[in-house]
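What follows is a short report on a single structure.
Residue numbers (mature numbering (1 follows the signal peptide of the UniProt record, and there is no 0)): -24 to -1, 1 to 72.
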């Protein structure tokens, strides 16, 4: 009985590990970022997070930027297109 519990826990951890791995999606060339007007600043000290690219339905789709409250003691690292052997892949922006 103890062995079955151990196997169940081990299988659950394995599934969670592989589910957390994000696949990389590649394109031959970097898409052109669309031109859009940045809205007015909604409140003092608002930080503009630039637009990002998301993989949807077999291709990258641009998602417009937005304002957020800056995180204390953090800096925002903007997303970028990274060159790889298979083409280009988008690396999301994040707070560091």
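Ideal Cβ positions, reconstructed from N, Cα and C, are used throughout, including at glycine.
Our two residues, residue 1 and residue 41, have alpha carbons roughly 21 Å apart in a direct line. Judged by their CB atoms, residue 11 and residue 64 are not nearer to each other than the 8 Å cut-off. When rounded, the separation of the alpha-carbon atoms in residue 29 and residue 23 is 19 Å. The residue from 50, 45 and 9 with its alpha-carbon nearest to that of residue 39 is 9. Between residue 26 and residue 58, the C-beta spacing is not below 8 Å. Per DSSP, residue 34 lies in no beta strand (DSSP E) and is assigned neither H nor E. Assignment of beta-bridge partners to residue 56 by DSSP yields 67. Taken atom to atom, the span from the alpha-carbon of residue 14 to that of residue 21 is near 15 Å.
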